[in-house]
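All remarks here apply to the structure that follows.
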Ligand code: TTP
Ligand code: MG
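Numbering (the numbering used here), first residue to last: 273 to 844.
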C-alpha cells in the first residue's frame, strides 16, 4: 500500500485534478434525478410543453458537464495509472540489475517475470479504478440517500434498511472472495514457474524425452489454476442474483409506498421516479465499490510481492579509495564458501597465490568447486570466511562495477544475446573501434568462422544464439572478454569444445595479452601449457605447481594423467 502511494506521489497535482473532476461528475449525477422529478411533476403531469423543454435543456446541459468531467477524469486516470506502472517497472528493472547472485537466487526467474507483468498490471488497473471510483462511489451512496430524503423522507426510510444490508452482504462476499483470489494468484505463479522452466530447458527435456512428465506437471498446475479461478469467479457471480433480489425488493417497497402516498396526495409521480433513480444509483455505487475493494486486495498483495525486491539492499561499499587492478596478482587466504540457503562447504580453506601475468590452469573433477572459485573473484558471491586479495588489496575494497570491467570472465555456458555477432562481442564495451574488435576475434580464433558467414560480423544470432555451435559461442564469449583488455582473464571450461590445434593457437594468442589468465579445464593437454596448475578436489586445494613438478610429486595428478592417456590410447 505504502509502495503504491509512494509511486503516486509525483502525480499529486494530476490526482487532485482527477478528484475535482470526480466531484463535478458526482454533483451532476446527483442533480439529474432531482431535475427529472421536477420535469415530470411540472411538465409531464401538467402537460406543460414549455416546462418540459426548459428542464430538458437543463438536464442536457448537466449531462454534457458530467460527461466531459467523466471523460477528462478517465483520461487523466489512465495517464496516471499507466505512468506509475511504467515507473514501477523501471525501478524494478534497475533494482534487479543491481542484484548480486545471492539476491538473484532468492527469486526464481518466473517470480521476477510475474512481478513485471501480472503484478504491475494489477496495480495499474487498481490505480485506474481507484481514481475513478474510490471517492465517487461512497459519496454517491451518501449523496443519493441525502437527496432521496430531501425529495421525500417517508419513502426514503427504505434506504435506511437496504443500504446497510447491501453493504454487510457485499463485504462478507468480498472477504471470502479475496481469499479465493489470493489462492488463484499462487496458482498463476506455479503455472509460470513450470512454463519458464520448460522453455528454458526445452532442449534437455526433449533430449531426455521428459516431455510426457512435463506435460503432466503443466496440466496439473494449469488445471488447478483453471479450477480455482472458475470457483472464485463463480462465487463472485453468484452474489449478483442476491444483489438484484435485494434491489428489486426495495424498488417494490418504494413503488408501493409511493403509490399509496400519491393516492392520498402527499407525494407526486416525479418524486417517486427520482427516488427510484437514487435507489438504483446507490446499489450501483455499492457494488462498484465492493469490486474496487476486491481489486485493491489483489493490488495490495501484488505490491507486497514487489516491495521486497525494491527494498533489497544494494551492495555499495563506502569506498575510501577507488582501487583499480594494476598488476593482476590474486591471493586466496583460507577462503571458505557455502552457497546461500545451503549447508555444503563447497570451498574449504582454499589458499593460493597467483603472480601477475601468470597463466594458471585449474584442474579438478566435476563438482570440485572450480566454477564456484571463479565466481568469487568478480564478487558474484562473497566468501563465507577468509579473504581474497587482488594486488594486496582486499577484494571488498574494490568498487564492484569498476572491478568487473577489469575482469574478462567467460562463463561455463556462454550466453549470447539477440543481436549481431558484432553487438555480442562489443557487449562489454560498446565504444570499441572495429580494428580492436577484429583483433579480439582473431585472437579468440573465431574471425575466420565469422567472415565465412554470409553477413560476417553482422550475422544476427537468435535468442541464446541458437544458430551457432557450442564451440563457436564459446569463442565469441572469449572475444568479448578479450576486447575488454582485462587485467584478469578467466575462462571457465571455455576451450572444452575446441580441437587441440585451435586450442593451441588460442592459448598462444592469450599469451600476448598482459593479463593474469585463469583457465578451468578437465584436460591435461590444456593444463600442461599453463605456468602453474591448481589442483582442486572436493573444494580443497590438493596441490599448486607446474606440470613437471606435479608429475613428479603428486599421486593425484599422476592418476589423472594416466587415466587421460589411457583414454587417448583406447580412442586411437
Ligand atoms: P561447481 O563449482 O560448479 O563445480 P565445478 O565447476 O568444479 O564442476 P564442473 O566441472 O562440473 O563445472 O560446483 C561445486 C558445488 O557447488 C556442487 O556441489 C554444486 C554446487 N553449486 C551450487 O550449489 N550453486 C551454484 O550456483 C553452483 C555453480 C554450484
Ligand atoms: Mg564448473
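We put the CB at the ideal spot given by N, CA and C, even for glycine.
Query, Result
"Nearest by alpha-carbon distance to residue 906: which of 776, 559, 486 is it?", "Because the chain spans 273 through 844 in this model, residue 906 falls outside it and cannot be assessed."
"Pull up the CB-CB distance for residue 419 and residue 302, whole angstroms please, since I reckon it's below 8 angstroms.", "6 angstroms"
"Would you mind sorting residue 832 into buried or exposed? The rule is 16 or more other CB atoms within 10 Å of its CB.", "buried"
"With respect to 7 angstroms, is the separation between the Cβ of residue 765 and the closest non-hydrogen atom of the ligand TTP below this value?", "yes"
"Among the candidates 677, 804, 521, 363, whose CA atom is the shortest distance from the CA of residue 596?", "677"
"Taking contact to mean 3 or more Cβ pairs, one atom from each stretch, closer than 8 angstroms, check whether the segment 541-552 and the segment 303-322 are in contact.", "yes"
"Check whether the Cβ of residue 793 lies closer than 7 angstroms to any heavy atom of the ligand MG, and answer yes or no.", "no"
"Does DSSP put residue 319 in a helix, in a strand, or in coil?", "coil"
"Smallest Cα separation from residue 363: which of 582, 741, 747?", "582"
"Measure the CB-CB distance between residue 679 and residue 758 and report whether it falls below 8 angstroms.", "yes"
"From the DSSP output, in three-state form, read off residue 288 for me.", "helix"
"Please report the residue range of the beta strand (DSSP E) in which residue 850 lies.", "Any answer about residue 850 is impossible in this case: the structure gives the chain only from 273 up to 844."
"What I want to know is whether the C-beta of residue 231 ends up closer than 7 angstroms to one or more non-hydrogen atoms of the ligand TTP.", "Missing from the structure shown is residue 231; the chain here goes from 273 to 844 and no further."
"Could you say if the segment 465-482 and the segment 526-534 meet the contact criterion of at least three C-beta pairs nearer than 8 angstroms?", "no"
"Mind checking residue 537: buried by the 16 CB within 10 Å criterion, or exposed?", "exposed"
"Name, in chain order, the residues that DSSP records as bridge partners for residue 812.", "809"
"When the Cα atoms are used, what is the spatial distance from residue 733 to residue 290?", "48 angstroms"
"Taking the alpha carbon of residue 826 as the point to measure from, which residue in 813, 837, 601 has its own alpha carbon closest?", "813"
"For residue 523, which residues of its own chain have a beta-carbon under 7 angstroms away from its beta-carbon, when the five flanking residues on both sides are left out?", "548, 551"
"For the ligand TTP, enumerate in chain order all residues having a CB closer than 5 angstroms to any of its heavy atoms.", "611, 618, 638, 639, 640, 641, 642, 643, 644"
"Quick one: using the 10 Å Cβ neighbour count with 16 as the cut-off for buried, is residue 574 buried or exposed?", "buried"
"For residue 367 versus residue 584, is the C-beta spacing smaller than 8 angstroms?", "yes"
"When we look at the beta-carbon of residue 403 and count the other beta-carbons within 10 Å, is it buried (16 or more) or exposed?", "buried"
"Comparing C-alpha positions only, which one of 507, 755, 632 sits nearest to residue 801?", "632"
"Does the beta carbon of residue 684 fall short of 7 angstroms from some heavy atom of the ligand MG?", "yes"
"Looking at the secondary structure, which residues open and close the beta strand (DSSP E) in which residue 633 lies?", "631-635"
"Taking C-alpha atoms, which residue in 349, 753, 766 lies nearest to residue 741?", "766"
"What residue does the alpha helix (DSSP H) around residue 415 start on, and which one ends it?", "408-423"
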